[in-house]
Amino acid sequence: MRATRHVTWQQRFAAWAIATTGIFLVAAYQAASPSAEPRFAQTATAQAAPRPADVESFRKTIEPIFMRDRGGTMAGYAACVMCHTWQTSLRFDLETPATDAGWSAEQSQMNFQMITQLVNTKSPENSWLLLKPLEPKAGGLGHTGGTYWTSREDPEFQAVLNWIRSLPADRYVPAPQPAVDFEFFRSCVQNVFAKPREGHINCSNCHGAGLMGFAPLPRDGRTTWNEEEARAAFRVISRLIVAGNPEKSRFMLKPLHPDGGGSYAHNGVRRWQTRDDPEWQMLAAWVRGERKGSSCS
Ligand code: HEC
Ligand code: HEC
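Residue numbers (this note's numbering): 54 to 350.
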């Protein structure tokens with residue numbers, strides 16, 4: 054019974070995966086300029102068992118938002134749960150619903166534990182969970198999965214915000230994130246985009262503009278990026294990494310071979326076969342905030 058239902062979700066995901074190539078090409082033209090990033094870490098300090106009433110209100114008010122059918126399979130129209138289960142390697146990683154109606158009580162516990170890493174009870178309006186689906190012009194972070202809330206007045210946004218406010222204020226507060234160094238990005242990380250490996254297509258071919266445009270080519274025939282270009286690329290890539298956590302960073306996982314722990318799908322190249330690749334290690338240290346400055350060796 055469970056197995057059959059599991060397949061149902063996978064089939065839905067398959068439909069999404071097919072649809073994505075189209076969305077991402079469209080997304081590339083939308084070129085939303087990412088706003089300043091409120092930075093905070095994902096590690097919540099929630100060791101103690103959750104209050105049952107909090108899990109119950111999560112089940113009643115928040116899970117239906119994740120489950121809601123929005124009439125499509127494309128970014129901005131698909132149900133959150135279509136993208137946010139096992140396949141993304143993201144922190145926002147819901148259980149595969151036990152039935153079409155939703156999650157079992159036990160699964161909701163797991164979902165709750167996971168979601169409390171994406172909220173900030175000290176500063177509820179800065180919760181990652183709220184800022185990802187929010188329109189960038191309204192202060193959102195930018196979301197490959199699309200814009201779901203065009204303003205903070207959106208009733209769903211308000212419902213999630215009120216729920217976060219209902220949690221104990223000192224309970225789910227993200228640990229501070231390490232700073233990811235711009236100078237190292239400029240001196241060492243951009244080199245990765247400039248030098249495709251043998252037989253590979255350059256990242257810039259597909260990641261030249263838009264939400265995923267972290268590697269536009271230098272303009273005016275220059276061979277290196279100027280300060281302004283580097284800053285713009287850094288803002289984009291900041292969205293695709295989780296500071297302090299290379300294992301949950303899209304940038305570290307998409308070009309990594311699945312057999313080596315990389316993403317299940319990438320419509321581009323697999324630059325690293327395993328995490329042992331010295332370049333992967335260098336970039337991971339940068340994401341952890343350990344590499345700074347202009348020396349790449
Ligand atoms: C079409 C697929 C898709 C849908 C539908 C979708 N997302 Fe996403 N979401 C993504 C992808 C891909 C990322 C990672 C890239 C990024 O951060 O933009 C992401 C990232 C996120 C993150 C950050 C996760 C982390 O681990 O840092 C949150 C929070 C989020 N989405 C919330 C939502 C919510 C809430 C909904 C429903 C209202 C939703 N998403 C719908 C694809 C989707
Ligand atoms: C042939 C085109 C192509 C090339 C080359 C390519 N990619 Fe991609 N990449 C894509 C497409 C299409 C997607 C979106 C669909 C997917 O996730 O597979 C994507 C997604 C990504 C994402 C996730 C973006 C998001 O918003 O969640 C990252 C990170 C990424 N690629 C990194 C790279 C890096 C680094 C390189 C170079 C080493 C690279 N890609 C080369 C086509 C490409």
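Using N, Cα and C, we set each Cβ at its ideal position, and we do this for glycine too.
Since the model is a prediction, treat every value here as computed from it, not as a measurement.
Based on DSSP bridge pairs, tell me the residues matched to residue i.
i           : result
residue 199 : Note: residue 199 sits in no beta bridge, so no partner.
residue 266 : In DSSP, residue 266 forms no bridge with anything.
residue 174 : DSSP, once it has assigned bridges, lists no residue as partnering residue 174.
residue 309 : 325
residue 352 : This structure leaves residue 352 out entirely; the chain is present only between 54 and 350.
residue 126 : DSSP lists no partner for residue 126.
Here's a check: name, in chain order, each residue in its chain whose Cβ is nearer than 7 Å to the Cβ of residue i, leaving out the five neighbours to either side.
i           : result
residue 297 : 94, 230, 231, 341 and 342
residue 85  : With a pLDDT of 31 at residue 85, under the threshold of 50, the modelled position of this residue cannot be trusted; read the value that follows with caution. Within the same chain, residue 85 has close Cβ partners 189, 195 and 264.
residue 162 : 108
residue 304 : 290, 293 and 294
Along the chain, where does the alpha helix (DSSP H) containing residue i start, and where does it finish?
i           : result
residue 163 : 158-168
residue 133 : 133-136
residue 219 : 208-219
residue 31  : Beyond the ends of the chain as shown, which are 54 and 350, falls residue 31; an answer cannot be given.
residue 293 : Element bounds for residue 293: n/a, residue is neither H nor E.
residue 258 : 256-259
residue 340 : 331-340
residue 245 : 243-247
residue 150 : From DSSP, residue 150 is part of no alpha helix (DSSP H); its letter is neither H nor E.
residue 119 : 116-120
For residue i, I'd like the list of residues in its chain whose CB is within less than 6 Å of its CB, leaving aside the five on either flank, ordered along the chain.
i           : result
residue 199 : 128 and 129
residue 345 : 234 and 237
residue 330 : none
residue 348 : none
residue 157 : 151
residue 256 : 246 and 268
residue 112 : 161
residue 187 : 193 and 202
residue 339 : 237
residue 259 : 321
residue 181 : 171
Enumerate in chain order the residues of its own chain whose CB-to-CB distance from residue i is below 8 Å, with the five nearest sequence positions on each side excluded.
i           : result
residue 54  : With a pLDDT of 39 at residue 54, under the threshold of 50, the predicted position of this residue should be treated as unreliable, though the coordinate-derived value follows. No residues qualify anywhere along the chain.
residue 124 : 130
residue 325 : 308, 309, 310, 313, 315, 332 and 333
residue 191 : 202, 203, 204 and 205
residue 328 : 309, 313, 314, 334 and 337
residue 319 : 307 and 308
residue 75  : Because the pLDDT at residue 75 is just 37, under 50, the model does not fix this residue reliably, and the value given afterwards should be weighed accordingly. Once the five neighbours on either side are set aside, the close Cβ partners of residue 75 are 127.
Can you give the beta carbon distance from residue i to residue j, rounded, assuming they're within the 8 Å contact cut?
i           : j           : result
residue 261 : residue 268 : 7 Å
residue 183 : residue 213 : 6 Å
residue 322 : residue 253 : 5 Å
residue 175 : residue 222 : 6 Å
residue 119 : residue 143 : Not quite, the Cβ-Cβ distance comes to about 13 Å (not below 8 Å), so this is no contact.
> Between the segment 127-142 and the segment 161-173, do at least 3 Cβ pairs fall closer than 8 Å?
Replying inline: With fewer than three CB-CB distances shorter than 8 Å, the segment 127-142 does not count as touching the segment 161-173.
> Are the segment 211-219 and the segment 281-288 touching by the rule of at least three beta carbon pairs closer than 8 Å?
Replying inline: Contact fails: fewer than three Cβ-Cβ distances are below 8 Å.
>> Quick test of the definition: if touching needs 3 or more C-beta pairs under 8 Å, does the segment 204-213 touch the segment 149-169?
In response: Short answer: they don't touch.
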